[in-house]
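I have placed the structure first, in the form of structure tokens, so that the comments after it can refer back to it.
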Amino acid sequence: MSGSNNHLESKRVEQDSVARLHGGGKRKLSNVPGFARLDLNRRRIMRNREIQACYQCRSRKTKCDQSKPRCQKCLAHHRTCSYQASDAEIGDLFDPFKKSDPPPINDQPASPYEGAPQKMDATVRLNQLGHLRAGNNIQSRYYSSLSWMTATENFEVTTPLSGEEISSDVTGSCELASPPGYVQRHVNIPAENLDAFLQNHEVDYLISWYSNHCHFWHPIFDIFKITKSLHTFRRQQKAPPTFLAQVAAICYTATCSITASGELRSPSLTPASTWRNMTELFLSLSDYPLRPCLDTVRAAYLLATPSSAEENAFLDPGPLCVLLRVAQSLGLHRDPSSFGLPRCEADLKRVLWWSIHALEVSYSVSHALPPIVHHGTFDVKVINSEGRSYRKLISTISRVSVVMSKILYEIYGTRQPIYAVIRKLGEEAAQTCTDEAEDHQLPHIAALDRFIDLSQRMCCSKMVYILHQPFLRSTQWPRDSRPRAIRACQDYIEAFLASFTDPALTCYRWVLNHFNAIHPCAILLQDLIQNPLSAESTTIRVTVEACFSTLSTDLHYNLMRLSTLRSKAWATNQWIPEESMASASVLDASLSDWDPLFASLMWDDFSLQGI
6 MSGSNNHLES
16 KRVEQDSVAR
26 LHGGGKRKLS
36 NVPGFARLDL
46 NRRRIMRNRE
56 IQACYQCRSR
66 KTKCDQSKPR
76 CQKCLAHHRT
86 CSYQASDAEI
96 GDLFDPFKKS
106 DPPPINDQPA
116 SPYEGAPQKM
126 DATVRLNQLG
136 HLRAGNNIQS
146 RYYSSLSWMT
156 ATENFEVTTP
166 LSGEEISSDV
176 TGSCELASPP
186 GYVQRHVNIP
196 AENLDAFLQN
206 HEVDYLISWY
216 SNHCHFWHPI
226 FDIFKITKSL
236 HTFRRQQKAP
246 PTFLAQVAAI
256 CYTATCSITA
266 SGELRSPSLT
276 PASTWRNMTE
286 LFLSLSDYPL
296 RPCLDTVRAA
306 YLLATPSSAE
316 ENAFLDPGPL
326 CVLLRVAQSL
336 GLHRDPSSFG
346 LPRCEADLKR
356 VLWWSIHALE
366 VSYSVSHALP
376 PIVHHGTFDV
386 KVINSEGRSY
396 RKLISTISRV
406 SVVMSKILYE
416 IYGTRQPIYA
426 VIRKLGEEAA
436 QTCTDEAEDH
446 QLPHIAALDR
456 FIDLSQRMCC
466 SKMVYILHQP
476 FLRSTQWPRD
486 SRPRAIRACQ
496 DYIEAFLASF
506 TDPALTCYRW
516 VLNHFNAIHP
526 CAILLQDLIQ
536 NPLSAESTTI
546 RVTVEACFST
556 LSTDLHYNLM
566 RLSTLRSKAW
576 ATNQWIPEES
586 MASASVLDAS
596 LSDWDPLFAS
606 LMWDDFSLQG
616 I
């Protein structure tokens, strides 16, 4: 018996040791004699699974053939095709034993736009490409607080333009690539008598047209001074190339405006391309951008202005990057009051800086590229119109640009926004709209003042729907963003159509072409797809139909691709038979085809929504 007891005691000791080894020191035994219970409460091993489908197909829930570098779906619809993993998936690759956050219990609202966390410091997760971060298959630009460098895909990066021109305090803090070098075009214009065109009376007509129909858009010139100098140089029969560049740039813009307005009654007018070539030649003779001055910066600005139009798909950041670099080298990013300049000269410098900054912000929105200039790296005061009508629009543009640059950095940048930031930006945008987009009900208001008021409304409305449109991508976005975005899109389209259909405003069509009604119309259609048969569906449908019926009369607007998105929205709301969605192009249509900013916000695997 003693031997048997010793044997049982030894087995019990062995079981205790096994339990301590596998059970974290616990002596609890299983009900089955002879077996110790193992502690299986270990960290979950994450699978490192590569992404199979591209993000465009994943966001639309369509089948992807997984061909690289571009799948057949993206190739057919002329979209960028990206297989890059999201930030969360990249983090899991580096930390495969990282614990995933437990899923919330009854915290998610039933509707994507109803309910949100009340904590102002809570982060709103936007799974996005992060358009401030460079990577493969992603067109991106990057800025730092002291840099106006750029690196863009498919553009060969060259050395700086001149080592003597670059300040050591600017380039010493960052090691970024320099912008593409400014290419001086060789224009076939005789070198002798370059200023002979000043004697042509066509120049007087074009300057007068610019003063009446274009100057209010960005009043960067002193028209009285330009006219006075023109008469002086005509008598002397000689003018410096910097002045010639300004006059040629004004004539180029005026010719474009006349052509857009349909007022081109005289076929003898010089083509706009000729004026553009002359401007580039005079800029080259003035050593722009190696030895810039304010006159050449103004001329270069007018050449770069068409890139602010959203429908312009040509991506060439070179002239704009050089223009910003030159503007900073001249100190335009510092308020002129710091240098004790006269009030008139300081005013013109502020207008020039805000015009360039607004051009850059508009270019960033058009192509989903981050602003080169950070909103905290300049201290130029916003412009006060002081009751002058030609300063009202640039005053609004300067204030809107400040908020827009913050939106691009806080919402669409690599940082995940928090509710406090979204709320603060919303308050700033609402205050700007209240101050700038006043509703004038004067019965006999002049045509120019009426167009300026409509342009102010469009600028403010665009700022609002750019801020709030991520509600279409994130289920955690504030609940009041959807009605604000919808109302802003409707206000924008209403103001645009009012300008488009008014015969008295035809002469301002060139300025109107820098606005784009297709973008807010696509946002409304996307909302109809994601929120079918909502309370706002009827009013949204009326707005969209008005936009289509009005713009279809102008061949300038290509509504063919947008009509596929409309067909999808109509079928989703059961306004047309569902058989209309049988086409692959209709099923694949999305706001991503129209809005690069919307396309930069990628869907997360755990928050996929039907599109």
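In terms of my numbering, the sequence shown opens at residue 6 and continues consecutively. No residue lacks a Cβ here, since even glycine has one placed at the ideal position from N, Cα and C. From a predicted model like this one, the values you see are computed outputs, not experimental measurements.
- Query: residue 344 lies in the alpha helix (DSSP H); which residues open and close that run?
  - Reply: Unbroken run through residue 344: none, as it is neither H nor E.
- Item | Span separating the alpha-carbon of residue 288 from that of residue 339 | 24 Å
- Starting from the C-beta of residue 695, find all residues in its chain whose C-beta is less than 7 Å away, skip the five residues before and the five after it, and write them out in chain order. Since the first residue of the chain shown is 6 and the last is 616, residue 695 is not available in this structure.
- Message: Quick check: what's the CA-CA separation for residue 453 versus residue 268?
- Response: 17 Å
- Task: Please list the segments of the beta strand (DSSP E) lying wholly inside the region 456–506, counting only runs of 3 or more residues, in order along the chain.
- Result: none
- Where does residue 218 land, buried or exposed, given buried means 16+ other C-beta within 10 angstroms? buried
- Quick one: give me the first and last residue of the alpha helix (DSSP H) that residue 532 is part of. 523–535
- Message: Residues in the same chain with beta-carbon distance under 7 Å from residue 265, minus the five sequence neighbours each way, listed in chain order, please.
- Response: 514, 515 and 518
- So which of 337, 307, 334 and 335 has the shortest CA-CA distance to residue 324? 307
- Task: Check residue 581 in the structure and name its three-state DSSP category.
- Result: coil
- Task: Verify whether the separation of the beta carbon atoms of residue 593 and residue 82 is less than 8 Å.
- Result: yes
- Ignore the nearest five residues each way along the sequence and tell me which others in residue 467's own chain have a CB closer than 7 Å to its CB. 497
- Query: So, using beta-carbon positions, are residue 290 and residue 238 closer together than 8 Å?
  - Reply: no
- Message: In chain order, what are the residue ranges of uninterrupted alpha helix (DSSP H) at least 4 long that sit wholly in the region 203–238?
- Response: 206–218
- Task: With distances taken Cα to Cα, identify the nearest neighbour of residue 380 among 388, 538, 399 and 409.
- Result: 409
- Query: For the alpha helix (DSSP H) that contains residue 248, what are its first and last residues?
  - Reply: 246–266
- Item | Buried/exposed call for residue 478, threshold 16 Cβ in 10 Å | buried
- As assigned by DSSP and simplified to three states, the class of residue 323: helix
- Task: Leaving aside the five residues before and after residue 618 along the sequence, list all residues of the same chain whose C-beta is less than 7 Å from its C-beta, in chain order.
- Result: With the chain running from 6 to 616 in the structure shown, residue 618 is simply not present.
- Item | CB contact flag (residue 599, residue 551, <8 Å) | no
- Span of the alpha helix (DSSP H), counted from its first residue to its last, around residue 282: 277–290
- Report the rounded CA-to-CA distance for residue 582 versus residue 429, giving the unit in angstroms. 44 Å
- Query: In whole angstroms, what separates the C-alpha of residue 568 from that of residue 87?
  - Reply: 26 Å
- Query: Whose CA, out of 535, 502 and 540, lies closest to the CA of residue 523?
  - Reply: 502
- Query: Using CA coordinates, which residue listed in 441, 424, 532 and 484 is at the minimum distance from residue 125?
  - Reply: 424
- Query: Which residues mark the beginning and the end of the alpha helix (DSSP H) in which residue 410 is found?
  - Reply: 394–415
- Message: I need the DSSP call for residue 391, collapsed to helix, strand or coil.
- Response: coil
- Message: Rounded to the nearest angstrom, what separates residue 250 and residue 455 at their Cα positions?
- Response: 32 Å
- C-beta contact flag for residue 277 and residue 257 at 8 Å: yes
- Task: Select from 282, 538 and 546 the residue whose C-alpha is nearest the C-alpha of residue 578.
- Result: 538
- Item | Reduced DSSP category for residue 431 - H, G, I as helix; E, B as strand; rest coil | helix
- Thinking C-alpha only, which one of 351, 372, 342 and 363 is nearest residue 321? 372
- Query: Secondary structure at residue 375, three-state DSSP: helix, strand or coil?
  - Reply: coil
- Taking 7 Å as the cut-off, is the CB of residue 62 close to at least one heavy atom of the ligand ATP? Among the components modelled here there is no ligand, and therefore nothing to report on the ligand ATP.
- Query: Taking the alpha-carbon positions, what's the residue 543 to residue 216 distance?
  - Reply: 43 Å
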